[in-house]
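Worksheet: one structure, shown below.
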Amino acid sequence: MQWRRMPAAFKSQRRRRSWKETRLSSSAITTSSPHLRSMDFSIRAANLDDCKDIARMIMELAEYEKVSDHVKVTQKDLEQDGFSKNPFFHGIIAEVPEQHKTKEGHTKIGYALYFYSYSSWSGRAIYMEDLYVMPEFRGTGVGKALINKVAQLALAAGCHQLNFTVLDWNKPSMDFYLSQGCFDITASMGYHCMRCEGEALEHLAQL
Amino acid sequence: MNFKIRRAAKEDCKDISRMIMDLAIYEKMPDQVKISHEELERDGFCQNPLFECLVAEVPEEHKSNEGNGIGTALLSKVAEIGKKKQCVRLQLSVLNWNTPSRDFYAAKGAQDLTVTEGWHAIRFDGQNLDNLANEAPKD
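Residue numbers (this note's numbering), protein chains in the order written: chain C, 1 to 207; chain L, 208 to 346.
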């Protein structure tokens, strides 16, 4: 099971340290869009109303990863699973002001999805399920701000690890994560990611 | 041989901790184990536990014997619990040299996503995690 509930102690810790919208200015190091060289964006906790945009960006990320037919989760699933009394995940949204909205009119231009997990070796951990920035906003510091925020929340909750996966052909993402100081534990330690789903999972549950 | 699978209780944490270390030794990384039964008791048996656990137990007369079907029973129970909570996936990781375990999971219908799709497991911990967190925008 991927989900974990956060204990009450963590919840009160998070309330004390609740973080407001944070405005950031960023000058891009490399970008193909000159108008984004100096750009405001904000990072904040996701709320129920963000689920439509999160669902949209989940699909965009799946298309980038060439697995869009795998996406079964809907906006309604996100609303139920992310914003109930004991949520299965938490979200962070990156947003730009109106004057920088996309040609389709979107101001929510990036997100991270994470949940709390547990390592039998190190204790409390965070698993980052998704990190995504819309193409036209890449290279402007949004992705970095999102992962920095996840890491900050991880430490605030007493976690000792931030874990996630990346596809081996996804060089821009792999390069980004390596530049931030991560370890590829598949390459360095030989861990393989395994999954049981569909009929195999049904069968296993009946044995 | 008789065995039973049941939900772990707080009192099991000393044995769970012992077996975590046994597993870490098997995986050739015993120095990576940083938590003891105390953390397991605190984190697994509070009001909103951070993990759930199943234990396999044999009767007194069979103590310390190896078993048949116990691994399958544990894995199946996890799958059953997941299904009851409408989970659609069971995910885990296994070391590439650990052939008996890889064969076991493959026989149970698990796909190796690292081989078939190229997924790599990535981690930030220790100083790297601290550095990443320290760069977060100040609230």
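Yeah, the Cβ is synthetic: ideal placement off N, Cα and C, and Gly gets one too.
Distance cutoff 7 Å, beta carbons only. Does residue 340 of chain L sit that close to anything in chain C?
yes
Could you spell out where the beta strand (DSSP E) holding residue 125 of chain C opens and where it closes?
123-133
Is the beta carbon of residue 161 of chain C closer than 7 Å to that of residue 332 of chain L?
yes
Our contact map puts residue 141 of chain C next to residue 111 of chain C with C-beta atoms below 8 Å; I'd like the distance itself, whole angstroms only.
The pair is not a contact, with the Cβ atoms about 15 Å apart (cut-off 8 Å).
Segments assigned alpha helix (DSSP H), at least 4 residues, entirely inside the stretch 268-304 of chain L:
277-291
Residue 84 of chain C to residue 49 of chain C, Cα distance in whole Å?
13 Å
Residue from L/235, L/258, L/238, L/236 whose Cα sits closest to the Cα of residue 246 of chain L
L/258
Taking Cβ-Cβ distances below 9 Å as the criterion, which residues of the stretch 323-337 of chain L are in contact with chain C?
324, 325, 326, 327, 328, 329, 330, 331, 332, 333, 334, 335, 336, 337
What number of angstroms, rounded off, separates the C-alpha of residue 131 of chain C from the C-alpha of residue 61 of chain C?
9 Å
Should residue 279 of chain C and residue 196 of chain C be called a contact, given that it needs their Cβ atoms to be closer than 7 Å?
A query on residue 279 of chain C cannot be resolved here, the shown segment of chain C reaching from 1 to 207 and no further.
Would you report the Cα separation of residue 290 of chain L and residue 297 of chain L, rounded to the nearest angstrom?
9 Å
For residue 136 of chain C, which option in C/107, C/166, C/193 has the closest C-alpha, if you only look at C-alpha atoms?
C/107
Is any beta-carbon of chain D found at less than 7 Å from that of residue 312 of chain L?
Of the protein chains in the structure, C and L, none is chain D.
Please list, in chain order, the residues of the stretch 119-130 of chain C that have any C-beta partner in chain L closer than 7 Å.
120, 121, 122, 123, 124
Going by beta carbon distance, what residues of the same chain come within less than 6 Å of residue 219 of chain L, once the five residues before and after it are set aside?
262
Taking only the alpha-carbon atoms, compute the straight-line gap between residue 119 of chain C and residue 238 of chain L and give it to the nearest angstrom.
14 Å
Alpha carbon to alpha carbon, what distance is there between residue 155 of chain C and residue 241 of chain L?
16 Å
At 9 Å on the CB atoms, spell out the chain L contacts of residue 263 of chain C, in chain order.
The first residue shown for chain C is 1 and the last is 207, placing residue 263 of chain C beyond what the model contains.
Work out the CA separation of residue 175 of chain C and residue 327 of chain L for me, nearest whole Å.
13 Å
Please state whether the Cβ-Cβ distance between residue 150 of chain C and residue 114 of chain C is less than 7 Å.
yes
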